[in-house]
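In UniProt numbering, the protein residues as written are 1 to 461.
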């Protein structure tokens with residue numbers, strides 16, 4: 001929070017303080033003011049060092065902190081033990097470590113007696129006590145009694161809320177010796193690492209940090225949605241009588257429907273249903289649809305290949321190289337991208353597609369992460385054929401078409417199965433997902449209903 005401070009004839013200088021809007025605490029309670037809103041940790045460290053007791057003259061200097069004095073005293077006693085006593089013998093379990101045995105061996109082979117060994121051995125120095133603060137000695141004199149009495153009197157006048165808790169004293173090394181709340185120093189917040197977040201079920205990135213904001217901002221941008229990571233379905237005529245319009249040049253959805261001819265009742269039509277896999281694992285697709293579409297206009301639907309596999313999604317360039325309009329199922333999968341590129345240049349696949357015929361149980365086309373199967377549809381009549389027996393007014397009213405009845409829509413049930421490694425299955429284990437397949441793999445399953453818009457049924461028949 002900025003403040004204005006006037007200094008004599010000079011211009012007013014800006015000063016800043018730290019304030020908590022929850023408990024109404026501010027750094028003015030401990031006499032801390034900042035000169036600029038940046039580098040707050042550095043400014044607090046400088047002010048804390050300037051107010052340390054070590055900055056006082058040597059005559060009135062206070063003793064060392066408890067931890068520093070104990071560390072110095074420990075170091076001093078370790079040195080005294082090494083100087084006054086014999087070094088630790090690493091062969092204490094050996095029978096030759098005894099002084100009598102060693103003296104006997106030396107007298108036999110070295111010609112030295114035990115008396116000679118005692119004379120040559122140095123006499124260890126006796127241990128002494130610490131003599132100064134550097135060695136860990138703490139002094140107390142009658143002059144310190146006044147400071148201790150004032151501290152005790154201050155503690156008696158304070159309430160329980162004015163004293164520090166254990167969590168406050170352990171929050172930072174600068175607050176270890178704080179006894180009251182006004183002796184606490186603000187603690188800087190630890191830096192946070194901004195990293196991308198992956199999905200628990202697949203290696204996809206769900207979100208990533210926004211690069212346009214500052215480092216201290218942890219706002220995330222959503223990169224992909226869950227809706228974009230389910231199998232995508234699209235349908236198109238197997239042999240279109242007219243070239244398909246480019247959706248980029250159509251301003252309204254009605255433009256696409258107006259350019260497509262109406263479907264004739266009782267005339268079988270074949271369509272290519274393409275399923276695209278957006279995830280990085282191969283999936284097994286199972287399709288199902290009612291034999292007769294629901295509604296007033298009953299159309300017959302048949303899926304020639306209801307079960308097949310779709311490859312994993314890869315790099316954008318790999319998808320471009322492996323894309324093919326009509327790839328033969330007997331094509332070598334290793335050279336799919338190269339053969340598709342050559343076919344697009346020579347037009348060979350366009351000629352072969354005219355000779356091909358849809359077969360039951362076979363895939364029509366396949367790319368890197370998409371598979372197309374043939375869907376055969378026989379549109380139903382909009383009105384039943386006229387009968388010999390005249391119909392009542394109620395039956396005639398029931399046969400009248402409502403808005404949208406001429407639109408042919410096919411409901412399709414899609415079921416996808418794939419396997420992921422156990423390392424990425426934290427959420428799946430808690431939900432009790434079935435485990436099967438290869439070792440270290442967990443089966444996943446996704447099923448949903450969707451509706452495919454085919455076109456409009458004409459009034460003929």
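Beta carbons: idealized from backbone N, C-alpha and C, even for Gly.
Worksheet item: So, do the segment 267-281 and the segment 362-373 have three or more beta carbon pairs nearer to each other than 8 Å?
Response: Three or more beta-carbon pairs separated by less than 8 Å link the segment 267-281 to the segment 362-373, which places the two stretches in contact.
Item to complete: On a CA-only basis, which of 394, 445, 21 is nearest residue 417? Give me that one, please.
Response: Among 394, 445, 21, the Cα nearest to that of residue 417 belongs to 445.
Discussion item. Taking only three categories from DSSP, how would you classify residue 186?
Written reply: Here residue 186 carries a coil assignment [DSSP, helix/strand/coil].
Worksheet item: Alpha carbon to alpha carbon, what distance is there between residue 29 and residue 58?
Response: In this prediction, residue 58 scores a pLDDT of 49, lower than 50, which makes its location untrustworthy; no coordinate-derived value is stated.
Item to complete: With a cut-off of 8 Å on the beta carbons, I'd call residue 381 and residue 266 a contact; round off their distance for me.
Response: Here residue 381 really is in contact with residue 266; their C-beta atoms are around 7 Å apart, less than 8 Å.
Discussion item. Less than 6 Å between C-beta atoms, sequence neighbours within five positions excluded: which residues of the same chain meet that for residue 172?
Written reply: Within the same chain, Cβ atoms closer than 6 Å to the Cβ of residue 172 are found at 187, the five residues on either side in sequence being excluded.
Fill in: Which residues DSSP lists as bridging residue 232, in chain order
For residue 232, which the question treats as bridged, DSSP gives the partners 276.
Worksheet item: Among residues of its own chain, excluding the 5 on either side of residue 408, which ones have a beta-carbon nearer than 8 Å to its beta-carbon?
Response: In chain order, 263, 293, 297, 299, 377, 379, 453, 454, 455, 456, 457 place their CB closer than 8 Å to the CB of residue 408, counting only its own chain and leaving out the 5 sequence neighbours on each side.
Fill in: Of the listed residues 42, 181, 364, nearest to residue 236 (C-alpha basis)
It is 364 whose Cα lies nearest to the Cα of residue 236.
Practice prompt. For my contact list, residue 180 and residue 164 are in at a C-beta cut-off of 8 Å; report their separation, rounded to the angstrom.
Written response: Between residue 164 and residue 180 the Cβ distance is about 7 Å, and since that is below 8 Å, they are a contact.
Fill in: Cα-Cα separation, residue 79 to residue 66
A direct Cα-to-Cα measurement between residue 79 and residue 66 gives close to 20 Å.
Discussion item. Suppose contacts are defined by Cβ-Cβ distances below 8 Å. Is residue 31 in contact with residue 72 by that definition?
Written reply: No.
Discussion item. Can you tell me whether residue 154 is helix, strand or coil according to DSSP?
Written reply: Shown here, residue 154 sits in a helix according to DSSP, grouped into three states.
Worksheet item: Under a three-way DSSP split, which group does residue 364 fall into?
Response: Reduced to three states, the DSSP call for residue 364 is coil.
Practice prompt. From the DSSP output, in three-state form, read off residue 39 for me.
Written response: The three-state reading of DSSP puts residue 39 in coil, since its state is none of H, G, I, E or B.
Item to complete: Output the distance between the C-alpha atoms of residue 284 and residue 406, rounded to the nearest integer angstrom.
Response: Distance between the alpha carbons of residue 284 and residue 406: 34 Å.
Worksheet item: Among 295, 81, 287, 159, which has the Cα closest to the Cα of residue 304?
Response: The option with the nearest alpha carbon to residue 304 is 287.
Item to complete: Name the one or two DSSP bridge partners that residue 416 has.
Response: Beta-bridge pairing by DSSP links residue 416 to 285, 446.
Item to complete: Below 7 Å CB to CB, which residues in the same chain sit around residue 314 once its five sequence neighbours on both sides are set aside?
Response: Excluding positions up to five away in sequence, the list reads 368, 369.
Practice prompt. Starting from residue 169, follow the alpha helix (DSSP H) in both directions and report where the run begins and ends.
Written response: Secondary structure note for residue 169: its alpha helix (DSSP H) is the uninterrupted segment 166-169.
Fill in: Sheet register partners of residue 301 (DSSP bridge)
Per DSSP, 377.
Worksheet entry | Given residue 280 as reference, the closest of 301, 68, 420, 401 once Cα atoms are compared | Checking every option, the nearest Cα to that of residue 280 belongs to 420.
Discussion item. I need the DSSP call for residue 441, collapsed to helix, strand or coil.
Written reply: In this structure, DSSP gives residue 441 an extended state, which the three-state scheme calls strand.
Item to complete: Check whether the Cβ atoms of residue 18 and residue 26 lie closer than 8 Å to each other.
Response: In contact: residue 18 and residue 26 (Cβ atoms closer than 8 Å).
Worksheet item: Does any residue of chain D bring its CB to less than 8 Å from the CB of residue 311?
Response: Absent from the structure: chain D. Only one protein chain is present.
Practice prompt. Report back the beta-carbon spacing between residue 185 and residue 174 to the nearest angstrom; my notes put them in contact at under 8 Å.
Written response: Yes, they are in contact, since the Cβ atoms of residue 185 and residue 174 sit about 5 Å apart, within 8 Å.
Item to complete: Go ahead and label residue 410 buried or exposed: buried means 16 or more other beta carbons lie within 10 angstroms of its beta carbon, across all protein chains shown.
Response: That one is buried.
Worksheet item: Cα separation between residue 441 and residue 311?
Response: The straight-line gap from Cα to Cα measures roughly 18 Å.
Worksheet entry | residue 359 versus residue 197 - alpha carbon distance | Those two C-alpha atoms are separated by around 44 Å.
Worksheet item: Going by beta carbon distance, what residues of the same chain come within less than 8 Å of residue 282, once the five residues before and after it are set aside?
Response: 309, 310, 311, 312, 418, listed in sequence order.
Discussion item. So, at 8 Å on beta carbons, what are the nonlocal neighbours of residue 289 in its own chain, with the 5 sequence-adjacent residues on each side left out?
Written reply: Once the five neighbours on either side are set aside, the close Cβ partners of residue 289 are 301, 303, 410, 411, 412, 413.
Fill in: DSSP state of residue 28 mapped onto helix, strand, coil
Note: residue 28 maps to helix in three-state DSSP.
Worksheet item: Near residue 447, what residues of its chain come up, given a Cβ to Cβ distance below 6 Å and the 5 sequence neighbours on each side ignored?
Response: In its chain, beyond the 5 residues on either side, 415 have a beta carbon closer than 6 Å to the beta carbon of residue 447.
Fill in: Run of the beta strand (DSSP E) containing residue 310, from where it starts to where it stops
Element bounds for residue 310: 307-310.
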